[in-house]
Amino acid sequence: MERKIIVTSALIYANAPVHIGHLVESIQTDVWVRFQKANGNQCLYFCADDTHGTPVMISAKKAGISPEQLIDRVHSQHLSDLKEFHIGFDNYYTTHSPENKQLSELFYSRLNEKGSIVKREVEQSYCPKCDMFLPDRFIRGTCPKCKSENQYGDSCDSCGSIYQSTELINPACATCGAEPVRKTSIHYFFKLADYQNQLKEIVSAGYTGKSVANKLEEWFSAGLRDWDISRDGPYFGFKIPGEENKFFYVWLDAPIGYVASCKNYCDKNELDFENLWNSGDYELYHFIGKDIVYFHALFWPAMLLGADFRVADKLFVHGFLNVNGKKMSKSKGTFIKAATYLKYLDPEFLRYYYAAKLTDGIEDIELSVDDFVGRTNSELVGKFANLASRSIPMLTGKLDSTLGELDGDGKTLIENLTAAKKAIMENYESLKFSAAVRQINALADEANRYVEQNQPWAMVKTDLEKTRTVLTAIINAVRILTIYLKPILPKYAEKVEKILNVENLKFADAEKLLVNHKINKFERLFERIDKKQVEKMIEESKDNCQPAAEIKNEDSIEPIAEECTIDDFAKIDMRIAKVLKAESVEGADKLLRLQLDLGNCQKEVLAGIAKAYKPDELVGKIVVCLANLKPRKMKFGVSEGMILAAGPGGKDIFVLSADSGVKPGQRVG
RNA sequence: GGCGGCGUAGCUCAGUUGGUUAGAGCAUGGGAUUCAUAAGCCCAGGGUCGUUGGUUCGAAUCCAACCGCCGCUACCA
């Protein structure tokens, strides 16, 4: 009987590009979804970008664009990267959507009606200059334990200790450098403890695997605390109904994004959302990493329960990715972006490698570069692709491209292959992909041994029809192995289907035989990895690993600022100035020291334009100077004003000038 | 400090309820081949299964302590 299944993988945060760590989960989920589909089940895969919160807001500010522009751009990058890895979403949406807003408000109002929301005053760090509350990650300072400088507000990278941001020595706002103050505000809290008993029931009914359930047991016995679900503005997110400057915390609307993505899909395809999500007709599973178990095993099901939505049947939790025995590292070049990988290597190699490593457990998985290269070349290329390559061209070249029938030995081989189907499918179903890959490899070994024992290359010289019989067995083996690998290698499977002149192989086809059938010309299925490609990829990752938002983009247009009056403008005294002298500043690579003639006075200005202009180019030039700017003491001297310029930065800075005729000292207005 | 997890060949990992000489792939060495993407086949070396005790006829497997790594959490049991 056909199963109906809805699957989600964790939403990807819109602050950075997709990297090979994200891909563990995308690939795990996609393989499982493709397995379900190839097994004749209906399976829908929903995901989205997680777009709200302070980090997105600040990244957008840094890039000089609006958060909406940032998340739009990142959304298309994410989706195209993931699609290149053949992640077959049925819908990849965004949390910044009307559906998500409406659902977030619905969840909130239902939770509120149940009395699960309370208000309470909290005291937090606040940056008076940026005019906003600061999450711990946006406070930097000296670690109170080991005195390392420039550490995050919650923990120290250097000694690993955990502390409160108030304990930091010399705390500073990460964006502007100002010292944060403590400030109180009313926050909304979700009373998680109200749902403790229901959550315990869900867990004991098998919501998670055993090791995660143990972890949850710890949390239960420690007691469930209220969860702070509001943030004060400015905050990029959804406004809390009835509030002017309060927003839902990003983690409130993020998981609702699963539901919103489903809703959006239903609306687009004229399906009944209630039936899909709430009726119980569909099995419902979330794939997540172990870092977000707390949210998905406690907050999220509690929210669903409180808002009268259906809770998922199971949580599938995986571990982290390590590369060469260590956490992914930007300095080592192992923090590899999906886009960088794609420049050098075939996405199916990574799919295969991850599948070969993934189990149903929460252990971290290890990507060892040497192992990756070795395994890809020996298994994917040497066993699977080569099995096709050593049989199919012989049939097309010497035997009219036509398969014959099987003899006794051939039948034995094929029966062994089909007999393994059940166990392989069970391993796919229970997320033991590594076991499935092992089994499939053993079958490929058997098929390669069969080739060796029958020596079609010798036989073809003496007995063509017997050779056809042998090749028919081998090519049927190729076909069955392809079926087994198809969830992992969809593109490879497509190529094989084309060569074998068959359509859309499914698991049900493993019992069928392809006999007396004409096939197409062979094409190479994979190219082996040259280790140099991997080295280049790692080399490139060493430099090129800035978050997407920090990459300057020339055509990004900053949104127009808040309205101001003519009086506001009058405060700003801009004057025409002539550059009398320009010199580089020793020890500073971005600054030039300019001597400006302002008609009745001169000013010395330090301008950050050294990357764009040489000193000589500026001498004699007419520029616009902000003349009444408070002088600022800098490391290299006092700057008495600033000159106006535009552009994204670096080499692309353009100093404003004026048409001929103006005189130094004239006011701009 | 507390709780949890992990520790099997140079590397990546299997090892089902305790049961013959602990397995696979990669890497290494040798051999026979040559259809194939320097692929495939056969053979070999390589492990005190973190350490030490215990339970048992029998332990990689169960128990305890310790060591090492990782995670959560913290002066509160």
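For the record, in the first sequence the residue sitting at position 568 is 583 according to our numbering, with numbers rising by one throughout. Yeah, the Cβ is synthetic: ideal placement off N, Cα and C, and Gly gets one too.
Asked	Found
DSSP state of I553, grouped into three classes?	helix
Can you name the residues that DSSP bridges to K618?	L611
DSSP puts Q139 in a beta bridge; with which residues?	K198
Residues in the same chain with beta-carbon distance under 7 Å from D328, minus the five sequence neighbours each way, listed in chain order, please.	E298, L299 and Y300
Would you kindly check if the distance between the Cβ of I658 and the Cβ of V639 is under 8 Å?	yes
Using the Cα positions of V48 and G156, report the straight-line distance between them to the nearest angstrom.	45 Å
Taking three-plus beta-carbon pairs below 8 Å as touching, is the segment 397-410 in contact with the segment 522-539?	yes
Please return the same chain residues whose Cβ sits closer than 8 Å to the Cβ of G676, not counting the five positions on each side in sequence.	none
Considering Cα atoms alone, identify which of N463, S226, D268 and I217 is closest to L121.	D268
Grouping DSSP H, G and I as helix and E and B as strand, with all else coil, what is G680?	coil
Find out if the Cβ-Cβ distance for the pair A371, V466 is shorter than 8 Å.	no
By Cβ distance, which residues of its chain are closer than 7 Å to K481, with the 5 residues on each side in sequence left out?	M474
Of all the options D361, A592 and S276, which has the alpha carbon lying nearest to the alpha carbon of E114?	S276
Give me the DSSP bridge partner(s) of E598.	R608
For a test of the three-state rule: what should DSSP assign to P502, helix, strand or coil?	coil
Which residues does DSSP list as the beta-bridge partners of Y203?	K134
My parser needs the alpha helix (DSSP H) runs of 4 or more residues fully inside the segment 50-87; what are they?	69-78
Apply the 10 Å Cβ neighbour rule to L24 and answer buried if 16 or more other Cβ atoms are within range, or exposed otherwise.	A small correction: the amino acid at residue 24 is Ser; Leu does not occupy that position in the sequence shown. With 16 or more Cβ atoms within 10 Å of its Cβ, S24 is classed as buried.
Counting pairs of beta carbons, one from the segment 182-192 and one from the segment 281-298, are three or more of them closer than 8 Å?	no
Using DSSP's beta-bridge definition, name the partner residues of F235.	F235 pairs with nothing; no bridge assigned.
Buried or exposed for K98, please, with buried defined as at least 16 other CB atoms from any protein chain shown within 10 angstroms of its CB.	exposed
Can you tell me the Cα-Cα spacing of K436 and L458, whole angstroms?	11 Å
Does the separation of the CB atoms of F387 and Y359 fall below 8 Å?	no
Suppose contacts are defined by Cβ-Cβ distances below 8 Å. Is G245 in contact with Y203 by that definition?	Reading off the sequence shown, one finds Ser at residue 245, where the question assumed Gly. Result yes, Cβ atoms of S245 and Y203 sit closer than 8 Å.
Whose C-alpha, out of R494, I21, Y107 and T181, is nearest the C-alpha of D65?	Y107
What separation, rounded to the nearest whole angstrom, lies between the Cα atoms of G656 and K618?	7 Å
With DSSP run on the structure shown, which of helix, strand or coil describes D243?	strand
Please report the distance separating the alpha-carbon of I271 from that of G68.	15 Å
From the DSSP output, read off the bridge partner residues of Q166.	G156
Within 8 Å, do at least three Cβ pairs link the segment 424-431 to the segment 484-497?	yes
In its own chain, which residues sit with a C-beta less than 8 Å from the C-beta of I514, not counting the 5 before and 5 after it?	A403, I407, I534, N535, K536, F537 and E538
Report the residue ranges of all alpha helix (DSSP H) runs contained in full by the segment 300-339; include only those spanning at least 4 residues, in chain order.	315-321
Quick one: what's got a C-beta closer than 6 Å to F50's C-beta in the same chain, skipping five residues either side?	Y443 and P502
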